[in-house]
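Participant: Protein chains in written order, with my numbering: chain A, 1 to 114; chain B, 1 to 109. Virtual Cβ for every residue (Gly too), placed ideally from N, Cα, C. There's a structure below that I have some questions on.
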């Protein structure tokens, strides 16, 4: 099992450019999450998906869109990147909604917006 | 007030010392998750617990549900333990997770 994979690992964008961060998991998990991590701050939820075909906003959704393409894949799109979106992005998955199930994290994508 | 808080924010220890990191939460939880993140690295799971105590090698995690408090202990600390330790509250009401701000640990040889 590869667990949770993310691409790309690093990306540099200019302000106004768009890009999609890809995430896939092979653990047959229902729930998937996108977080951002900024220096001195905890992980903050951008969007999550409790199951295929459903998505919900998290704490910091502005400037982002997501697609739960199928059970395995959950992508995060920046339509018009801004310097404030410079961050490390983590995708995570979890077996089912709520309960005693840990999250598994991808390796992260380090994004810089100039 | 944050729903999940950690203390201390930063910690420096000498190799071999016993280390304690604390996590307090104010929400109802189904479980508490302890995670480790090395500098520039990914996030790995250490413990998931909903009651009592768990031990893995030199790491011990405890939780007191009534007091809404959990601790992570590291015995005989080693420089390779240097990392950020994060606690995360798995809420009972829905699928979201709330993360603490992390504790940055540096173990000096």
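Would you give the residue range spanned by the beta strand (DSSP E) that residue 78 of chain A belongs to?
Facilitator: As a first step, residue 78 of chain A is located in the first chain; it is residue number 78 there, counting from the start. Unbroken beta strand (DSSP E) run through residue 78 of chain A: 74 to 78.
Participant: If you run the structure through DSSP and keep just helix, strand and coil, what is residue 26 of chain A?
Facilitator: The residue you call residue 26 of chain A lines up with position 26 of the first chain. Here residue 26 of chain A sits in coil by DSSP.
Participant: Cβ-heavy atom distance between residue 37 of chain A and the ligand MN below 7 angstroms?
Facilitator: Looking for the ligand MN in the displayed structure turns up nothing, as the structure carries no ligands at all.
Participant: In chain A, what lies closer than 8 angstroms to residue 101 of chain B by C-beta?
Facilitator: Here residue 101 of chain B refers to the residue found at position 101 of the second chain. Correct list: 40, 41 and 42.
Participant: Give the secondary structure of residue 85 of chain A by DSSP, where H, G and I count as helix, E and B as strand, and everything else as coil.
Facilitator: In the first chain, counting from the first residue as 1, residue 85 of chain A sits at position 85. DSSP places residue 85 of chain A in helix when its eight states are reduced to three.
Participant: Does the separation of the CB atoms of residue 62 of chain A and residue 77 of chain A fall below 8 angstroms?
Facilitator: Here residue 62 of chain A corresponds to residue number 62 of the first chain, with the count starting at 1. Here residue 77 of chain A corresponds to residue number 77 of the first chain, with the count starting at 1. The answer is no: Cβ separation not under 8 angstroms.
Participant: I want to verify the contact list: residues of chain B whose CB lies under 7 angstroms from the CB of residue 107 of chain A, in sequence order.
Facilitator: As a working note, residue 107 of chain A is residue 107 in the first chain. Chain B residues near residue 107 of chain A: 42.
Participant: Give the residues of chain B in contact with residue 102 of chain A, contact being defined as C-beta atoms less than 7 angstroms apart.
Facilitator: By one-based count along the first chain, residue 102 of chain A stands at place 102. Those within 7 angstroms of residue 102 of chain A in chain B are 33, 45 and 48.
Participant: Examine chain A for any beta-carbon lying closer than 8 angstroms to the beta-carbon of residue 97 of chain B, and answer yes or no.
Facilitator: Numbered from its first residue, the second chain carries residue 97 of chain B at position 97. Output row for residue 97 of chain B: interface = yes.
Participant: For residue 104 of chain A, collect the residues of the same chain with a Cβ closer than 8 angstroms to its Cβ; drop the 5 residues on either side in sequence, then sort them by chain order.
Facilitator: Taking the first residue of the first chain as 1, we reach residue 104 of chain A at position 104. Counting only Cβ-Cβ distances below 8 angstroms, and skipping sequence neighbours, we find 3, 4, 25, 27, 29, 92, 93 and 94.
Participant: For chain B, is any of its Cβ atoms less than 8 angstroms away from the one on residue 74 of chain A?
Facilitator: Looking up residue 74 of chain A in the first chain gives position 74. Output row for residue 74 of chain A: interface = no.
Participant: Would you check if the distance between the CB atom of residue 37 of chain A and the CB atom of residue 88 of chain A is smaller than 8 angstroms?
Facilitator: As a first step, residue 37 of chain A is located in the first chain; it is residue number 37 there, counting from the start. As a first step, residue 88 of chain A is located in the first chain; it is residue number 88 there, counting from the start. Cβ distance < 8 angstroms, so residue 37 of chain A and residue 88 of chain A count as in contact.
Participant: Give the straight-line distance between the Cα atoms of residue 68 of chain A and residue 72 of chain B, rounded to the nearest whole angstrom.
Facilitator: Mapped onto the first chain, residue 68 of chain A falls at position 68. Mapped onto the second chain, residue 72 of chain B falls at position 72. Straight-line Cα distance between these residues: approximately 35 angstroms.
Participant: With DSSP as the reference, please indicate the residues paired to residue 113 of chain A in a beta bridge.
Facilitator: On the first chain, residue 113 of chain A is found 113 positions in, with the first residue counted as 1. A/13, per the DSSP bridge assignment.
Participant: Can you tell me the Cα-Cα spacing of residue 104 of chain B and residue 82 of chain B, whole angstroms?
Facilitator: Here residue 104 of chain B is taken as the residue at index 104 of the second chain, counted from 1. Here residue 82 of chain B is taken as the residue at index 82 of the second chain, counted from 1. Between residue 104 of chain B and residue 82 of chain B, the C-alpha separation is close to 8 angstroms.
Participant: Counting contacts by CB-CB distance shorter than 8 angstroms, is residue 48 of chain A in contact with chain B?
Facilitator: For the purposes of this step, residue 48 of chain A is taken as residue 48 along the first chain, with counting starting at 1. It does: the Cβ of residue 48 of chain A has a partner Cβ on chain B nearer than 8 angstroms.
Participant: By the 10 Å Cβ neighbour count, where 16 or more other Cβ atoms means buried, how is residue 48 of chain B classified, buried or exposed?
Facilitator: Here residue 48 of chain B corresponds to residue number 48 of the second chain, with the count starting at 1. Buried.
Participant: Cα separation between residue 109 of chain A and residue 58 of chain A?
Facilitator: Residue mapping note: residue 109 of chain A aligns to position 109 of the first chain, counting from 1. Residue mapping note: residue 58 of chain A aligns to position 58 of the first chain, counting from 1. Looking at the two C-alpha atoms, the distance is approximately 19 angstroms.
Participant: Taking the CB atoms as reference points, tell me whether residue 22 of chain B and residue 56 of chain B lie closer together than 8 angstroms.
Facilitator: Taking the first residue of the second chain as 1, we reach residue 22 of chain B at position 22. Taking the first residue of the second chain as 1, we reach residue 56 of chain B at position 56. No. Outside cutoff.
Participant: Out of A/16, A/15, A/48 and A/21, which has the shortest C-alpha to C-alpha gap to residue 98 of chain B?
Facilitator: Here residue 98 of chain B is taken as the residue at index 98 of the second chain, counted from 1. Minimum Cα distance to residue 98 of chain B is reached at A/48.
Participant: With DSSP collapsed to three states, give me the class of residue 56 of chain A.
Facilitator: If you number the first chain from 1, residue 56 of chain A lands on position 56. Three-state result, residue 56 of chain A: strand.
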